[in-house]
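Enquirer: First the structure, which I've put down as structure tokens, then a few questions once you've had a look.
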Amino acid sequence: MAEYFDINIVIEYMPYFLKGALLTIGVSIVGILFGCILGMFIGMGKMIKKWYFNFPFVWYINFFRGTPLIVQLFLFHFAVLPAMFDSVSATTSLMVTLSLNSAAYVAEIFRAGIKSLDRGQAEAARSLGMSKIQVMRYVVLPQAFKRMIPPLGNEFIVLLKDSALGAMIAAPELFYWGRAAVGEYYRVWEAYIMVALFYLVLTLSLTYLLNYLERRLDTE
Amino acid sequence: MISVQNLKKSFGDLEVLKDISVDVAEQEVVVVIGPSGSGKSTFLRCLNLIETITDGHVYIEGVDITGKKTNINDIRTEVGMVFQQFNLFPHKTVLENITLPMQVVRKWNKADAKTKALALLKKVGLEDKADVYPDSLSGGQKQRVAIARALGMEPKIMLFDEPTSALDPEMVGEVLEVMKQLAKEGMTMVVVTHEMGFAREVGDRVIFMDEGYIVEQGDPKEIFENPKHERTQSFLSKVL
Chain A
0 MAEYFDINIV
10 IEYMPYFLKG
20 ALLTIGVSIV
30 GILFGCILGM
40 FIGMGKMIKK
50 WYFNFPFVWY
60 INFFRGTPLI
70 VQLFLFHFAV
80 LPAMFDSVSA
90 TTSLMVTLSL
100 NSAAYVAEIF
110 RAGIKSLDRG
120 QAEAARSLGM
130 SKIQVMRYVV
140 LPQAFKRMIP
150 PLGNEFIVLL
160 KDSALGAMIA
170 APELFYWGRA
180 AVGEYYRVWE
190 AYIMVALFYL
200 VLTLSLTYLL
210 NYLERRLDTE
Chain B
0 MISVQNLKKS
10 FGDLEVLKDI
20 SVDVAEQEVV
30 VVIGPSGSGK
40 STFLRCLNLI
50 ETITDGHVYI
60 EGVDITGKKT
70 NINDIRTEVG
80 MVFQQFNLFP
90 HKTVLENITL
100 PMQVVRKWNK
110 ADAKTKALAL
120 LKKVGLEDKA
130 DVYPDSLSGG
140 QKQRVAIARA
150 LGMEPKIMLF
160 DEPTSALDPE
170 MVGEVLEVMK
180 QLAKEGMTMV
190 VVTHEMGFAR
200 EVGDRVIFMD
210 EGYIVEQGDP
220 KEIFENPKHE
230 RTQSFLSKVL
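Line by line, the protein sequences are chains A and B.
So for the first sequence, numbering that gives the first Met the number 0 puts the first residue at 0; every next one is plus one.
So for the second sequence, numbering that gives the first Met the number 0 puts the first residue at 0; every next one is plus one.
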């Protein structure tokens with residue numbers, strides 16, 4: 000049996016896998032949080048009608064959706080961030096890149112959520128004397144947010160999985176420890192299966208959480 | 000109450016309203032009829048600036064609504080509007096639909112708003128639906144809630160944009176009944192509709208619009224029984 004699956008490797012590396020999983024969760028939460036905040040601003044920026052106001056936002060989205068995440072990660076970790084700060088950890092680079100990258104996708108999700116609302120909703124609210132900000136806050140955003148949950152959920156899951164790219168710049172997240180185990184023992188099955196299982200547990204938990212949220216907000 | 004002077008409205012190259020001038024007196028019920036594409040809905044939507052005005056002026060109680068010093072939100076609280084598609088807020092209960100603008104715009108406290116909203120729901124015969132979401136209502140009920148919501152702002156003028164056009168035939172009556180009641184109470188109303196019976200019975204004046212102009216206007220009886228203009232005659236012969 001040990002010839003095929005050496006459980007001792009799993010046992011030995013379990014603390015590292017757990018530590019790595021925690022970091023994976025951490026960078027994902029940071030990425031989602033900042034991605035959402037930044038993404039909302041960028042989404043709103045792209046909705047400005049005048050092209051000379053919206054074009055920085057349009058090109059932000061073009062860049063981050065149009066280039067591979069791993070290229071962005073290397074660019075920020077080895078070039079952009081070192082040019083701005085003295086010492087940047089791989090984990091910081093990973094969080095920054097994931098946040099900036101997911102912001103571009105969230106921006107589009109946000110924009111689509113607002114655009115998908117019937118114009119009559121805003122018109123009715125305006126006809127009652129609400130200001131533009133009140134219309135956004137009380138009528139448009141709550142409804143748009145509800146519609147944004149399924150696509151945002153997908154984006155969160157993609158982001159969580161993409162955080163594995165951090166291993167390429169030696170950010171000690173889950174996949175990094177998987178590779179470390181393989182590197183030490185020259186055995187591929189044990190570590191990679193464990194890492195895959197960890198990711199599966201994380202994404203399935205997230206899916207469950209999002210489904211629950213979606214049901215809670217249902218008004219029908 | 001409402002004074003429209005040389006109102007023009009274009010969407011790009013398409014001129015939808017081509018010089019409309021009309022006055023509406025206090026407590027008057029004006030019914031606007033005309034073929035689709037005649038500009039009657041656009042005309043109505045210009046009265047509270049839901050549609051921007053290309054040229055001309057609209058005065059509500061003497062205030063130029065496009066004036067630089069005019070706060071359009073203040074004007075809109077005085078001018079209620081009811082839409083063809085109801086436009087109730089689906090994420091709010093029936094009661095919340097009515098109390099939201101009361102609290103947010105009028106700044107009334109929650110208890111006052113609720114008391115007033117329940118009274119309005121009673122008026123439109125839906126007090127038992129206060130806590131349900133709009134999705135569970137029929138079209139006629141939705142439109143009555145929409146009317147109650149608009150009335151909640153205590154407007155001096157009510158605009159109705161084809162309020163019964165999206166309803167199943169058997170639900171038209173209940174909405175018209177509420178509107179009739181409102182007219183009886185002395186509300187100033189401008190109603191765009193295809194309900195000729197309502198126009199004849201409740202309207203103080205009928206305006207016939209076609210291709211962006213007011214073709215003919217006057218006493219409903221006069222318009223329906225003895226239309227002067229050829230286009231009015233041909234329209235009425237098709238709908239009556």
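All residues carry an ideal CB built from backbone N, CA and C; glycine is no exception.
Because the structure is a prediction, the values reported are computed rather than measured.
#1: According to DSSP, simplified to helix, strand and coil, what is A/S86?
#2: Would you list the residues sitting across from B/D63 in a DSSP beta bridge?
#3: Between which two residues does the alpha helix (DSSP H) holding B/N72 run?
#4: I'd like to check one pair, B/I49 with B/K264: are the Cβ atoms closer than 9 Å?
#5: For A/E154, does the three-state DSSP call read helix, strand or coil?
#6: Quick check on A/I148: does DSSP put it in helix, strand or coil?
#7: Under 7 Å Cβ to Cβ from A/L80, same chain only, skipping five residues before and after it: list those, please.
#8: By the three-class DSSP mapping on this structure, what secondary structure does B/Y212 have?
#9: Considering B/T187, what are the terminal residues of the beta strand (DSSP E) in which it resides?
#10: Going by C-alpha to C-alpha distance, which of A/E2, A/A102 and A/N7 sits closest to A/G30?
#11: Check the Cβ of B/R75 against every Cβ in chain A and list those closer than 8 Å, keeping chain order.
#12: Does the beta carbon of A/Q71 sit closer than 9 Å to a beta carbon anywhere in chain B?
#13: For A/D217, which three-state DSSP category applies?
#14: Apart from the five residues on each side of it in sequence, which residues of its chain come closer than 6 Å, Cβ to Cβ, to B/Q232?
#15: Hey, out of B/V191, B/A182 and B/G185, whose CA is closest to B/P162's CA?
#16: I need the boundaries of the beta strand (DSSP E) containing A/F40, first residue and last residue.
#17: Between which two residues does the alpha helix (DSSP H) containing B/D111 stretch?
#18: Near B/A149, which residues of its chain fall below 8 Å by C-beta distance, leaving aside the five closest residues on each side in sequence?
#19: When DSSP labels each residue in this structure, what does B/I156 get in the three-state scheme?
#20: Starting from B/I59, find everything on chain A with Cβ-Cβ shorter than 8 Å and list it in chain order.
#21: For B/N96, is the classification buried or exposed, using 16 other Cβ atoms within 10 angstroms of its Cβ as the cut-off for buried?
#22: So with Cβ pairs under 9 Å, would you call B/Q142 a contact of chain E?
#23: Would you decide whether B/L16 is buried or exposed? Buried here means 16 or more other CB atoms lie within 10 Å of its CB.
#24: From A/I8 to A/L196, what does the alpha carbon distance come to, in whole angstroms?
#25: Does the beta-carbon distance from B/E258 to B/M101 come in below 9 Å?
#26: If you draw a straight line from the alpha carbon of B/E215 to that of B/G11, how long is it in whole angstroms?
#27: Indicate whether the contact test is met: 3 or more Cβ pairs, each with one atom in the segment 81-90 of chain B and one in the segment 116-130 of chain A, closer than 8 Å.
#28: Output the distance between the C-alpha atoms of A/P14 and A/A20, rounded to the nearest integer angstrom.
#29: Taking three-plus beta-carbon pairs below 8 Å as touching, is the segment 139-150 of chain A in contact with the segment 195-214 of chain A?
#30: The alpha helix (DSSP H) with B/I97 in it runs from where to where?
#31: Counting contacts by CB-CB distance shorter than 9 Å, is B/M208 in contact with chain A?
#32: In three-state terms, what does DSSP make of B/D127?
#33: Could you give the residue range of the alpha helix (DSSP H) that holds B/Q232?
#34: From A/S204, A/L205 and A/W176, pick the residue whose C-alpha is nearest to that of A/E11; which is it?
#35: Let me know if A/N100 comes out buried or exposed under the rule of 16 or more other beta-carbons within 10 Å of its beta-carbon.
Expert: Looking at the atomic coordinates:
#1: Taking the first residue of the first sequence as 1, we reach residue 86 of chain A at position 87. The answer is coil: DSSP assigns A/S86 none of H, G, I, E or B.
#2: The sequence position of residue 63 of chain B within the second sequence is 64, counting from 1. Beta-bridge partners of B/D63 (DSSP): B/Y58.
#3: Here residue 72 of chain B refers to the residue found at position 73 of the second sequence. That run of the alpha helix (DSSP H) goes I71 to E77.
#4: In the structure displayed, chain B extends from 0 to 239; residue 264 of chain B sits before or after that span and is not available.
#5: Reading the first sequence from its first residue, position 155 is the one you call residue 154 of chain A. In the three-state reduction of the DSSP assignment, A/E154 falls in the helix class.
#6: In the first sequence, the residue the question calls residue 148 of chain A occupies position 149. It is helical.
#7: Here residue 80 of chain A refers to the residue found at position 81 of the first sequence. Contacts found: V87, S92 and V95.
#8: As a working note, residue 212 of chain B is residue 213 in the second sequence. If DSSP states are grouped into helix, strand and coil, B/Y212 belongs with the strands.
#9: For the purposes of this step, residue 187 of chain B is identified with residue 188 of the second sequence, where counting begins at 1. Here the beta strand (DSSP E) through B/T187 covers T187 to V191.
#10: Counted from its first residue, the first sequence places residue 30 of chain A at position 31. Comparing Cα positions, the closest option is A/A102.
#11: Position 76 of the second sequence, counting from 1, holds the residue named residue 75 of chain B. For B/R75, the neighbours in chain A by C-beta distance under 8 Å run, in chain order, R125, S126, L127 and G128.
#12: Here residue 71 of chain A corresponds to residue number 72 of the first sequence, with the count starting at 1. False, the Cβ-Cβ gap to chain B never drops below 9 Å.
#13: To locate residue 217 of chain A, count along the first sequence from 1; it is residue 218. Correct three-state label for A/D217: coil.
#14: Counting from 1 along the second sequence, the entry for residue 232 of chain B is found at position 233. Cβ neighbours of B/Q232 beyond the five flanking positions: P226.
#15: On the second sequence, position 163 is the one that residue 162 of chain B refers to. Distance check between B/P162 and each of B/V191, B/A182 and B/G185 places B/V191 closest, using alpha-carbon atoms only.
#16: As a first step, residue 40 of chain A is located in the first sequence; it is residue number 41 there, counting from the start. Taken as a continuous stretch (DSSP letters only), A/F40 belongs to no beta strand (DSSP E), being part of the alpha helix (DSSP H) at I6 to M46.
#17: In the second sequence, the residue the question calls residue 111 of chain B occupies position 112. Here the alpha helix (DSSP H) through B/D111 covers K109 to K122.
#18: Sequence index remark: in the second sequence, residue 149 of chain B carries index 150 (1-based). Hits under 8 Å: G79, M80, V81 and M157.
#19: Taking the second sequence and counting its residues from 1, one reaches residue 156 of chain B at position 157. In the three-state scheme derived from DSSP, where H, G and I count as helix and E and B as strand, B/I156 is classed as strand.
#20: Walking along the second sequence from the start, residue 59 of chain B turns up at place 60. One finds nothing in chain A with a Cβ atom closer than 8 Å to the Cβ of B/I59; even the nearest lies about 13 Å away.
#21: Taking the second sequence and counting its residues from 1, the one referred to as residue 96 of chain B is at position 97. Result: buried.
#22: Checking the listed chains, one finds no chain E in this structure; the protein chains it contains are A and B.
#23: By 1-based counting over the second sequence, the position of residue 16 of chain B is 17. B/L16 is classed as buried because its beta carbon has at least 16 other beta carbons within 10 Å across all chains shown.
#24: Your numbering for residue 8 of chain A matches position 9 in the first sequence. Your numbering for residue 196 of chain A matches position 197 in the first sequence. Their Cα atoms are separated by approximately 15 Å.
#25: Residue 258 of chain B falls outside the range modelled here, since chain B spans only 0 to 239, and no answer is possible.
#26: Translated into the one-based positions of the second sequence, residue 215 of chain B becomes position 216. Translated into the one-based positions of the second sequence, residue 11 of chain B becomes position 12. Each residue's alpha carbon lies about 27 Å from the other.
#27: Touching, per the Cβ criterion.
#28: Your numbering for residue 14 of chain A matches position 15 in the first sequence. Your numbering for residue 20 of chain A matches position 21 in the first sequence. Rounded to the nearest angstrom, the two C-alpha atoms are 10 Å apart.
#29: Because the criterion of three Cβ pairs below 8 Å is met, the segment 139-150 of chain A and the segment 195-214 of chain A touch.
#30: As a first step, residue 97 of chain B is located in the second sequence; it is residue number 98 there, counting from the start. From DSSP, the alpha helix (DSSP H) with B/I97 extends over V93 to V103.
#31: In the second sequence, the residue the question calls residue 208 of chain B occupies position 209. It does not: the Cβ of B/M208 has no partner Cβ on chain A nearer than 9 Å.
#32: By one-based count along the second sequence, residue 127 of chain B stands at place 128. Shown here, B/D127 sits in a helix according to DSSP, grouped into three states.
#33: Residue mapping note: residue 232 of chain B aligns to position 233 of the second sequence, counting from 1. Element bounds for B/Q232: E229 to V238.
#34: Counting from 1 along the first sequence, the entry for residue 11 of chain A is found at position 12. Ranking A/S204, A/L205 and A/W176 by Cα distance to A/E11 puts A/W176 first.
#35: Within the first sequence, residue 100 of chain A is the residue found at index 101, counting from 1. A/N100 is buried by the Cβ-count criterion.
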